[in-house]
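Chemist: Numbering (the numbering used here), first residue to last: 1479 to 1898.
Pasting a structure here, questions to come.
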């Protein structure tokens, strides 16, 4: 069976999360993604882990600091393993002029080049779009800078300060959350930039199939993150209001919050959108006396007395586990959902029934359970997912089969740390 992106070759010069996530999505659809990397900069590949397994549970990981270079190449950090599934790896030290010539030869037999290096690096190396399009006029070149071309194009960002720059961190948390604690526990900008990059590449491939033209794509990670907060910016543009943290509440509906349940730090979200749902909710929780309180008899009244409302609901939810609350309320047609932690997700029946949780033999790291491809195609999708590659694991394939180099030439390049 032909894979959806079979025959598409992607050269991946990315690190961290956004870039590797984008190219991994392409790999899941059958593209041949070759990581171009070097021992000079291990990036997220470093920080290797040693698994330790609890009784009957998933592998646990501890940081290793006493590693040799061989250890580091064999073992890989959880982030690297997670975001580089189904890829190949070649070792190439692009700081060397001869390595850059090799890269250009590889571009001749490739379709897409993706980088998220610091601003201007690819241009300094003579590997930007203007140079590569002279080598192969239908090549698609993608850059994923922090901010993109403009007054602040040289600014460097990481997950945390990108969320701060875009206003994401400012609006995060509860109203009483101190500014120094307003931060997300996940780097949402990386994921949304990755998905937008994948979409842009697919659009460019479609355009090339129709016209024969390649193109340059720039995905600003800041702009990708800003797109997540559209209503907050719109509120300022129209009403001159600066959005403040509001926790899990909604200014239009009540009850609408995350409520404490039985167990340590266990919660369930509940949302009521109209009076019919409110009456069904009251019946589901046993029609307690407080439900008849005039303060709670309309949406407007409940919003005005939301603290007292949430306190009463919390007394009821604390009697049950999150999934029990969810089951009781959903059976009455009320929007409710258990707040799942990582352990819940690991054993989640829905995810496992769809084959989303997959076990992969990672070699020295052992067998690890990963969340698999976040998409299911009825045709043209791979039936298995391969582990992230060791550094240079596919050197022979790239240098001998794709580039036609001899063993003697490969040995010379290795000795001169071009292949390194």
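Just so it is clear, CB atoms sit at the ideal spot from N, CA and C, and this is done for glycine as well.
Please read these numbers as outputs of a predicted model, since none were measured by experiment.
For residue 1599, name the three-state secondary structure that DSSP assigns.
Modeler: helix
Chemist: Exposed or buried, which one is residue 1663 when buried takes at least 16 other CB atoms within 10 Å?
Modeler: Exposed, because fewer than 16 other Cβ atoms sit within 10 Å of the Cβ of residue 1663.
Chemist: For the stretch 1783-1799 and the stretch 1707-1718, state whether three or more C-beta atom pairs, one from each stretch, are separated by less than 8 Å.
Modeler: no
Chemist: Suppose the cutoff is 6 Å on Cβ atoms and the five residues either side in sequence are ignored; what does the same chain contact list for residue 1871 look like?
Modeler: Closer than 6 Å at the Cβ level, and outside the excluded window around residue 1871, lie 1567.
Chemist: Which runs of the alpha helix (DSSP H), 4 residues or longer, sit entirely within the stretch 1622-1697?
Modeler: 1637-1643 and 1666-1689
Chemist: What three-state label does DSSP hand residue 1700 in the structure shown?
Modeler: In the structure shown, residue 1700 sits in a helix (DSSP, three-state: H, G or I).
Chemist: Which runs of the alpha helix (DSSP H) fall wholly inside the stretch 1480-1535 and span at least 4 residues, in chain order?
Modeler: 1496-1506
Chemist: Would you mind giving the Cβ-Cβ distance between residue 1643 and residue 1635, rounded to the nearest angstrom? I have them listed as a contact below 8 Å.
Modeler: 6 Å
Chemist: Within 10 angstroms of its Cβ, does residue 1754 collect 16 or more other Cβ (buried), or is it exposed?
Modeler: Residue 1754 is exposed by the Cβ-count criterion.
Chemist: For residue 1881, tell me which candidate among 1695, 1513 and 1587 has the shortest Cα-Cα distance.
Modeler: 1587
Chemist: Answer yes or no: do residue 1494 and residue 1521 have a C-beta to C-beta separation smaller than 8 Å?
Modeler: yes
Chemist: If distances are taken between C-alpha atoms only, which option among 1506, 1582, 1571 and 1625 comes closest to residue 1609?
Modeler: It is 1582 whose Cα lies nearest to the Cα of residue 1609.
Chemist: Between the alpha carbons of residue 1898 and residue 1511, how many angstroms are there, rounded?
Modeler: 19 Å
Chemist: Start and end of the beta strand (DSSP E) containing residue 1747?
Modeler: Per DSSP, residue 1747 belongs to the beta strand (DSSP E) from 1745-1749.
Chemist: Consult DSSP for residue 1795 and reduce its assignment to one of helix, strand or coil.
Modeler: helix
Chemist: Determine the extent of the beta strand (DSSP E) in which residue 1815 is found, giving its start and end residues.
Modeler: Element bounds for residue 1815: 1813-1816.
Chemist: Where DSSP assigns a beta bridge to residue 1738, which residues make up the other side?
Modeler: 1745
Chemist: For residue 1785, which of helix, strand or coil comes out of DSSP?
Modeler: helix
Chemist: Just to confirm, is the Cβ distance from residue 1865 to residue 1584 under 8 Å?
Modeler: Taking 8 Å as the Cβ cut-off, residue 1865 and residue 1584 do not qualify as a contacting pair.
Chemist: Are the stretch 1668-1680 and the stretch 1690-1710 touching, with three or more C-beta to C-beta distances below 8 Å?
Modeler: yes
Chemist: Please classify residue 1631: is it buried, with 16 or more other beta-carbons within 10 angstroms of its beta-carbon, or exposed?
Modeler: Using a 10 angstroms sphere on the CB of residue 1631, the tally of other CB atoms stays under 16, which defines it as exposed.
Chemist: Counting only the same chain and skipping the five closest in sequence on each side, list residues whose C-beta sits under 8 Å from that of residue 1913.
Modeler: Residue 1913 lies beyond the stretch modelled for the chain, which goes from 1479 to 1898, so this question has no answer here.
Chemist: Suppose you measure from the CA of residue 1529 to the CA of residue 1710; what does that come to, to the nearest Å?
Modeler: Because residue 1529 sits at a pLDDT of 47, beneath the cut-off of 50, its placement in the model cannot be relied upon, and the point is left open.
Chemist: Whether or not the stretch 1616-1624 and the stretch 1585-1604 are in contact is what I'm after, with contact meaning three or more pairs of Cβ atoms, one per stretch, closer than 8 Å; do they touch?
Modeler: yes
Chemist: Any idea what DSSP makes of residue 1567, helix, strand or coil?
Modeler: strand
Chemist: Ends of the beta strand (DSSP E) at residue 1849?
Modeler: Annotation: the continuous beta strand (DSSP E) that includes residue 1849 extends over 1845-1849.
Chemist: Decide if residue 1846 is buried, meaning its Cβ has at least 16 other Cβ atoms within 10 Å, or exposed.
Modeler: buried
Chemist: Say whether the stretch 1749-1767 touches the stretch 1821-1841, bearing in mind that this needs 3 or more beta-carbon pairs closer than 8 Å, one atom from each stretch.
Modeler: no
Chemist: Assuming residue 1499 and residue 1668 form a contact by the criterion Cβ under 8 Å, report the distance between their Cβ atoms to the nearest whole angstrom.
Modeler: 7 Å
Chemist: Which one or two residues does DSSP pair with residue 1835 in a beta bridge?
Modeler: Under DSSP, residue 1835 forms a beta bridge with 1849.
Chemist: In the DSSP assignment, what are the bridge partners of residue 1591?
Modeler: Partner residues in the beta bridge of residue 1591, as assigned by DSSP, are 1489 and 1619.
Chemist: Could you give the distance in angstroms between the alpha-carbon of residue 1741 and the alpha-carbon of residue 1800?
Modeler: 9 Å
Chemist: Name the residue from 1569, 1503 and 1736 whose alpha carbon lies nearest to the alpha carbon of residue 1793.
Modeler: 1736
Chemist: Could you give the distance in angstroms between the alpha-carbon of residue 1487 and the alpha-carbon of residue 1575?
Modeler: 23 Å
Chemist: Per the DSSP calculation, residue 1728 is bridged to which residue(s)?
Modeler: 1731
Chemist: Is it right to say residue 1843 is buried, meaning 16 or more other beta carbons lie within 10 angstroms of its own, or is it exposed?
Modeler: buried
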